[in-house]
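Reviewing the structure listed below.
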Amino acid sequence: MSEGQALLEYACDKFQEQKYDEALEAFVLAYCKGYEKEWIIENIYKCYMGGNEEEFRRVYNQQRIRNDVSFEECILDFIPYRDGEYYIFDKEMRVFRGKFSFDAWKETKRHELLEDMEYSAAVVELEWNWNRERSILVSAKERKVYIICSDIKRGVSFCKIPELADYIKNLKIFSSRCELQEYFHDNTSIYLPKIIVGSEELVQIINQEHEYRITEEGRNTQNILLTIGIPTHDRGNLLLQRLENLQKMPYDAEVEIVISKNGTHYFQEEYKSVESIKDSRINYKGYNKEITMSENWYNVIKNAKGKYVLIVSDEDDVILEALEHYLKYLSTHEDLGVLRSRTTVQYKGWDKSQYFKKGKEAFLAGFLLQNYLSGLICNRQLLMECNIEHWNKLYNNNGFYRLYPHMWWQALMSFKGDYATDNVYLICEGDSVLQQEALRYRADNVQESGLAEGSIDWEYPNIPVPSTYKARLEQFRGCVILIKSFFVPDDELKPIALLQLINKTLYLMEIVRDIYKTNEFPLWVEKLVNETIQAMEELQLNPDWQKVVLENLISYTKIS
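Residues in the sequence shown are numbered from 92 upward in steps of one, following the working numbering.
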């Protein structure tokens, strides 16, 4: 008896015993030995595919990713073996081409490129066999993956496999590099893949399309996820440095750079240079007049087209490598209102990522913690709904609002969307130029309003005016006014907001007392106590809350 005959008899016996998986193994082995091939394949189809073909057809039509290849044109069939496992049969060549195992698919270790790139789409070249590029294709569950498949009728056959439904929804398949390039050239709002597994020619194609997309002709703003917003004032020299870094971004349709230029006194030629930069991602708005800081910052928001806006000072750089992480974060948190990213100086201690639901939870977690502007990311639509122009107009001279409008914006946003902090460094702060600016303005006798109180205490040159005891008390009064105007009289958050404001003010005064008028510190704390008593009356706190506030204040001052 030949080996093929023995295998066939064994297969038939196992089939009679209803051990169908063992029987199929033996049938396939006998077929591969060349024994009774036509009879075997006919019976395999009859016994294993007979009741399943319509289901494969339904799945394929539902998951189809090429409309020009019908179910009948697919060259590969998948013979059910065990749960999630199939033998692959090539109908054209009349051969078995191994197995497909969904368990093996799920357990596949992702390509190392996927570890470095959290967000971007991937493109991979293959002949037809999805098994050979599983390390890339498995990422299609959470990101877009493009396949260039030279043997298209075999490649698309994998769409018959029902277990791949969660992956196929993010897959798109092309028959050639040329077809892929045409697709991205004609659909410039669709993000280019940044993870490229293929030939150097494929890399060049993606780079060509990126270069096209940053031209005026190729620019598309329909699908911007993140606006990098830079409000700037008399610092055209610094702005050019920021743009030199940002232009290195590999992103195009995902991002834009919005610049709102304020001020008319210094570095105006450098601002003109910005206008001449050939990069359509840059949206430059030059206001040739002096406007307030809050107006300039809000101009960035108004001119943005991104779903989210990252505000960055013209002193600071975005860490480009971190953008992958933040683009992924923003794309997967639909209810997010504000995200505070980590920075290398001001927020270097934020080593824990946290998430807070909108309302009381978000307000308490983020209130008064946004001292530094750079790294604050806001949901643009939700911020526009906060009627910022109303606050700008009404409180432009408010001691708190004119310095920290973004702090109040975050408070308003707490009731529109969720609040989060993230521990990945996004902003690298540059050296402050405040002292040099103040000296220049003083020497030239220039009066300007673009930087609120943008000067230093000349008796103590290391202390900016906003950090003096007097300014901190003025900021305290201003914030009390905002709290009073926003919260209804019986709102439970009103006294808690006051408590946080008191502690914040004491902390800010305390961090400068060793270098600024140390002997006056107790006097200014006493003034803060008096201001607190007046604030409690203005806010109409009940006696129980007044007691809590005063006890907290006394406790803090004793520790100090």
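A virtual CB, placed ideally from N, CA and C, is assigned to each residue, including glycine. Because the structure is a prediction, the values reported are computed rather than measured.
Check	Outcome
Proximity to Ala529 [Cα-Cα], best of Glu273, Pro555, Val515 and Gln295	Pro555
Between the CA atoms of Ile238 and Cys660 - distance to the nearest angstrom	Outside the displayed span of the chain (92 to 651) sits residue 660, for which this structure offers no information.
Distance CB(Glu291)-CB(Arg268) smaller than 8 Å	no
Segments of 3+ residues assigned as beta strand (DSSP E) that fall wholly inside the stretch 186 to 222	186 to 192 and 213 to 217
Member of Ile170, Val215, Leu205 and Leu460 whose CA lies at the smallest distance from the CA of Ser192	Ile170
Three CB pairs or more closer than 8 Å across the stretch 402 to 412 and the stretch 328 to 340	yes
Segment contact, 8 Å Cβ cut-off, at least three pairs: the stretch 134 to 144 with the stretch 199 to 219	no
Local conformation of Asn514 per DSSP, three classes	strand
Contact between the stretch 410 to 420 and the stretch 487 to 495 (3+ Cβ pairs under 8 Å)	no
CB contact flag (Leu455, Ile574, <8 Å)	no
Unbroken alpha helix (DSSP H) run spanning Ile554, endpoints	Element bounds for Ile554: not the alpha helix (DSSP H) but the beta strand (DSSP E), Tyr551 to Pro555.
Buried or exposed by the 16-neighbour rule on C-beta atoms within 10 Å, applied to His202	buried
Runs of beta strand (DSSP E) lying entirely within the stretch 228 to 253, each at least 3 residues, in chain order	236 to 240
Under 8 Å between C-beta atoms of Glu224 and Val215	yes
Option nearest Asp159 by Cα separation, candidates Arg185, Trp221 and Ser248	Ser248
Buried versus exposed call for Asn633 [16 or more other C-beta atoms within 10 Å across all chains shown]	exposed
Neighbourhood of Lys451 by C-beta distance below 7 Å, restricted to the same chain and skipping five residues each side	Leu584
Test item: CB-CB of Val349 and Thr318 under 8 Å	yes
Glu629 - DSSP class collapsed to helix/strand/coil	helix
Beta-carbon proximity check, Ile346 vs Arg372, cutoff 8 Å	The sequence given here places Val at residue 346; Ile does not occur at that position. Against a cut-off of 8 Å, the Cβ pair of Arg372 and Val346 comes out as a contact.
Whole-number beta carbon distance between Leu262 and Ile156, since they are thought to touch under 8 Å	6 Å
Among Ile287, Glu308 and Glu307, nearest to Asn298 - alpha-carbon criterion	Ile287
Straight-line Cα distance separating Tyr463 from Val692	With the chain running from 92 to 651 in the structure shown, residue 692 is simply not present.
Among Cys138, Asp257, Arg533 and Val150, the one whose alpha carbon lies nearest that of Trp196	Asp257
Every unbroken alpha helix (DSSP H) within the stretch 363 to 420, with a cutoff of 4 residues, ordered by chain	384 to 394
Same chain, Cβ closer than 6 Å to Trp388, five either side skipped, listed in chain order	Pro322
Of the listed residues Ser266, Gln96 and Tyr139, nearest to Ala121 (C-alpha basis)	Gln96
Alpha-carbon spacing of Glu381 relative to Tyr274, whole angstroms	46 Å
Sheet register partners of Asn353 (DSSP bridge)	His324
Gly521 vs Asp442 beta-carbon contact at 8 Å	no
Residues near Glu233 by beta carbon distance below 8 Å, same chain, minus five either side	Asn261
Sheet register partners of Arg433 (DSSP bridge)	Tyr516
According to DSSP, residues forming a beta bridge with Asn483	Looking at the DSSP assignment, Asn483 forms no beta bridge with any residue, so it has no partner.
Reduced DSSP secondary structure (H/G/I, E/B, other) of Cys477	coil
Nearest-angstrom beta carbon gap, Lys449 and Lys507 [assumed within contact, 8 Å]	7 Å
Limits of the beta strand (DSSP E) - the one that Ile287 falls within	Ile286 to Val288
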